[in-house]
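S.K.: So the sequence shown is numbered by the numbering used here: it starts at 41 and just counts up by one.
Backbone N, C-alpha and C define an ideal beta-carbon position, used for all residues, glycine too.
Keep in mind the model is a prediction, meaning the values are calculated, not measured.
Mind having a look at this structure? Questions to follow.
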Amino acid sequence: MPILTEIQNRREFLRTCARNLTLTGLSLFGGAMLLRKHDDRSKHVCINEFICSGCGVFSDCILPQAMSAKVKNTPQR
Ligand code: SF4
41 MPILTEIQNR REFLRTCARN LTLTGLSLFG GAMLLRKHDD RSKHVCINEF ICSGCGVFSD
101 CILPQAMSAK VKNTPQR
């Protein structure tokens with residue numbers, strides 16, 4: 041009977057290891073999903089009705105309208 045008990049203990053040990061590895065993996069995946077970077081553009085909103093000319097935050101703005109205006113204002117070679 042001790043051999044059967046040892047086998048059952050080994051199986052239980054392997055099950056516990058597999059369970060713990062699965063939980064660790066799920067925890068790491070969940071943590072990575074929570075900490076991943078989001079697109080910064082989704083947080084920005086226009087404060088000047090998309091009239092970029094004379095806007096106070098034009099130099100730091102990353103919205104598409106401002107980026108387009110910056111490209112248009114860049115001197116061409
Ligand atoms: S610079 Fe940015 S915030 Fe200002 S008007 Fe243009 S898009 Fe809007």
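1. Regarding residue 97 and the ligand SF4, is the C-beta to nearest heavy atom distance less than 7 Å?
2. Should residue 113 be counted as a contact of the ligand SF4 given a C-beta to heavy atom distance under 7 Å?
3. So with Cβ pairs under 8 Å, would you call residue 90 a contact of chain B?
4. Please say whether residue 103 and residue 86 have beta carbons closer to each other than 8 Å?
5. DSSP three-state label for residue 88, please.
M.R.: Short version:
1. The beta carbon of residue 97 sits closer than 7 Å to at least one heavy atom of the ligand SF4.
2. Because no heavy atom of the ligand SF4 lies under 7 Å away, the Cβ of residue 113 does not count as near it: no.
3. Note that chain B does not occur in the displayed structure, where there is just one protein chain.
4. Yes. Within cutoff.
5. The three-state reading of DSSP puts residue 88 in coil, since its state is none of H, G, I, E or B.
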